[in-house]
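**Q** Residue numbers (this note's numbering), protein chains in the order written: chain A, 1 to 199; chain B, 1 to 199.
Where is the CB? At the ideal position from N, CA and C, for every residue including glycine.
Pasting a structure below so you can have a look.
2 protein chains.
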Amino acid sequence: MTTSRRGRPPAGGRAQILDATYELLRDKGIARLTTKDIADRAGTSEGSIFYHYRTRDGLLSAVIEQALEPLVALRVHGVGGAPLPEILDIFTATVEEFLDRAVVVLFAAQADVDLRAGLHAFLAANADRKPQRGVELIGDHLAALQAAGRVRAGIDVHTAAFLLVSSCVLRVSQPWLIGDTEVPAREATVGTFLAMLAP
Amino acid sequence: MTTSRRGRPPAGGRAQILDATYELLRDKGIARLTTKDIADRAGTSEGSIFYHYRTRDGLLSAVIEQALEPLVALRVHGVGGAPLPEILDIFTATVEEFLDRAVVVLFAAQADVDLRAGLHAFLAANADRKPQRGVELIGDHLAALQAAGRVRAGIDVHTAAFLLVSSCVLRVSQPWLIGDTEVPAREATVGTFLAMLAP
DNA sequence: GTCTATAGGTTGATAGAC
DNA sequence: GTCTATCAACCTATAGAC
């Protein structure tokens, strides 16, 4: 797992192939993604691709897993004692920043049952329910505030947290799915969410 | 546009090809979708496919547009005077029922820039912002209730409506994107949403 | 490790009989 | 309208030189 080394990496190295594949996935889509196009964009030869990744699917899996790396590396920990607006601002910004890159591979994996199964297996083995635990964490914090009377009583705070995360997913996905359309800004969504929580 | 005729349609007709393509898209994905597989599943020959749809892309576009048909046919109208819980229940159920079928083609279209561009153009030309107008409509109804004091003051009701629709999209998409995971039931989400709106 | 050359198989699309 | 037969292009993967 030597992911870095001294000096300029060789032109046809693993990283260039990985980056070129991600960019083509994002710009053209997976349907007409060929190893020839990848080689051209990476400035290498097709032979190198198969030397490094053995198969086209192996390369695609590597690209998918790289884009999900922030989720794997994530250390889930308590949200601390910062003011709620700040917590939700940072949380939603982090989620959307991750999704900006991840949707490309999440959508690409939908094109093939095997890729999708591999994606799900990878998440199960390496991400250990982190998306859900993020929602749980926010929910737990809201529950504490609710107990302290700073969040209105009578609402299921974990379901509320799911609503907030949903808006992050849709905001990032919508331009891809149905084209450019108006969506409330993230800050406005967080603001409205806070107002709906107030006692 | 003769979509029906007397008697049993010929085995290799347009409809069978369309259905077979949708099913393969849903079950296997677009990446390895071949006209041969489509012909086999439809019980027809490849020749018939190209006779009816001229090109593979033409067929795919037809499948996409058929799955979005409920959106095109939708007549957007006021929500009437039913109780809010009932309105939101019916609204979210309708949205998710549509998405259950639509995500298959919405995701498939992400595999190719041309397909995606075609999808966006089709929606712009035939759906006339109906997704957004659905959100607006719920928002407008909430605004009226807010003016009547039955929804708490100080919240942006249109952003709130966006939160609710987001949860529908994520609930339907999540099994595809990250695999089977716990998600709050639709009824629970609507219930929590209502509780957050109460004055 | 990277390249070139090429094999081997698949794919979308066409032609022409029925 | 549907079928069979066929083709030309393309794509993944391998072999072997450097």
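Starting from the C-beta of B/N126, find all residues in its chain whose C-beta is less than 7 Å away, skip the five residues before and the five after it, and write them out in chain order.
**A** Answer for B/N126: V72, listed in chain order.
**Q** In chain B, what lies closer than 7 Å to A/A156 by C-beta?
**A** Reading the sequence as shown, one finds Asp at residue 156 of chain A and not Ala. Result: A188, T192.
**Q** With A/V172 and A/E96 assumed to form a contact (beta carbons below 8 Å), what rounded beta-carbon distance in angstroms separates them?
**A** That pair is a contact at about 6 Å.
**Q** Flag this pair as yes or no: are the beta carbons of B/V190 and B/H158 separated by less than 8 Å?
**A** No, the Cβ-Cβ distance between B/V190 and B/H158 is not below 8 Å.
**Q** Would you call the CB atoms of A/F193 and A/L88 closer than 8 Å?
**A** Cβ atoms of A/F193 and A/L88: closer than 8 Å.
**Q** Does any residue of chain B have a CB that is nearer than 8 Å to the CB of A/F107?
**A** Closer than 8 Å: yes.
**Q** Assuming B/G118 is part of the alpha helix (DSSP H), what are its boundary residues?
**A** Element bounds for B/G118: 113-126.
**Q** Could you tell me which whole alpha helix (DSSP H) segments of length 4 or greater appear in the stretch 127-151 of chain B?
**A** Listed in chain order, the complete alpha helix (DSSP H) runs (minimum 4 residues) inside the stretch 127-151 of chain B are 130-147.
**Q** First and last residue of the alpha helix (DSSP H) that includes B/R41?
**A** Looking at the DSSP string, the run of the alpha helix (DSSP H) that includes B/R41 is 35-42.
**Q** Taking C-beta pairs closer than 9 Å, name the residues in chain A that B/I30 reaches, listed in chain order.
**A** In chain order: I30, A31, Q110, A111, D112.
**Q** When you compare the CB of B/P184 with every CB in chain A, is at least one pair closer than 8 Å?
**A** Yes, because at least one Cβ of chain A sits closer than 8 Å to the Cβ of B/P184.
**Q** What did DSSP end up calling B/P70 once you bin it into helix, strand or coil?
**A** Reduced to three states, the DSSP call for B/P70 is helix.
**Q** Whose C-alpha, out of A/A198, A/R32, A/R14, A/L99, is nearest the C-alpha of B/D114?
**A** The shortest C-alpha separation from B/D114 is found at A/R32.
**Q** Take the Cβ of A/D112 as the centre, count every other Cβ of all protein chains shown within 10 Å, and call the residue buried at 16 or more, exposed below.
**A** Answer is buried; the Cβ neighbour count reaches 16.
**Q** Could you say which of B/T181, B/D100, B/I30 lies nearest to B/D57 if we only look at CA atoms?
**A** When only C-alpha atoms are compared, the closest one is B/I30.
**Q** Is it right to say A/I17 is buried, meaning 16 or more other beta carbons lie within 10 angstroms of its own, or is it exposed?
**A** Label assigned to A/I17: buried.
**Q** Run down chain A in chain order and give the residues with a C-beta less than 7 Å from the C-beta of B/S167.
**A** Residues of chain A passing the Cβ test: F162, L163, S166.
**Q** Comparing alpha-carbon positions, which option in B/G80, B/A67, B/A124 lies nearest B/V103?
**A** Comparing Cα positions, the closest option is B/A67.
**Q** Would B/S4 count as contacting chain A if we go by Cβ distances under 8 Å?
**A** Confidence at B/S4 is low in this model, with a pLDDT of 46, below 50, so the placement of that residue should be treated as unreliable; the coordinate-derived value is given next. So no, B/S4 is outside the interface.
**Q** B/I178: which of A/D27, A/E46, A/I90, A/R116 sits nearest, CA to CA?
**A** Checked all of A/D27, A/E46, A/I90, A/R116; the closest Cα to B/I178 is A/R116.
**Q** State the Cα-Cα distance for the pair A/L145 and A/F91, rounded to the nearest angstrom.
**A** So the alpha carbons of these two residues sit roughly 17 Å apart.
**Q** What distance in whole Å lies between the Cβ atoms of A/V76 and A/R133, which are believed to be in contact at a cut-off of 8 Å?
**A** About 5 Å separates the two Cβ atoms, so the contact holds.
**Q** Ends of the alpha helix (DSSP H) at B/E182?
**A** From DSSP, B/E182 is part of no alpha helix (DSSP H); its letter is neither H nor E.
**Q** Measure from the C-beta of B/R116 to each C-beta in chain A and report whether the shortest distance is under 8 Å.
**A** Judged by the 8 Å Cβ criterion, B/R116 is in contact with chain A.
**Q** One question on the structure: do B/L119 and B/V63 come within less than 8 Å of each other, judged by their Cβ atoms?
**A** No, Cβ-Cβ distance for B/L119 and B/V63 is not below 8 Å.
**Q** Check the Cβ of B/G134 against every Cβ in chain A and list those closer than 8 Å, keeping chain order.
**A** Correct list: empty, because the minimum Cβ distance to chain A is about 12 Å.
**Q** For B/A108, which residues of its own chain have a beta-carbon under 6 Å away from its beta-carbon, when the five flanking residues on both sides are left out?
**A** The residues are L25, I30.
**Q** Helix, strand or coil for B/P85 per DSSP?
**A** Helix at B/P85.
**Q** Identify the contact partners of B/A195 in chain A, using a Cβ-Cβ distance below 7 Å as the criterion.
**A** In chain order: G154, I155.
**Q** Short of 6 Å in beta carbon distance, which residues of its chain neighbour A/A160, apart from the five on each side in sequence? Order them along the chain.
**A** Cβ within range, chain order: n/a, list empty.
**Q** Given this structure, state the Cα-to-Cα distance separating B/Q174 from B/L99, to the nearest angstrom.
**A** Going by the C-alpha atoms only, they are around 12 Å apart.
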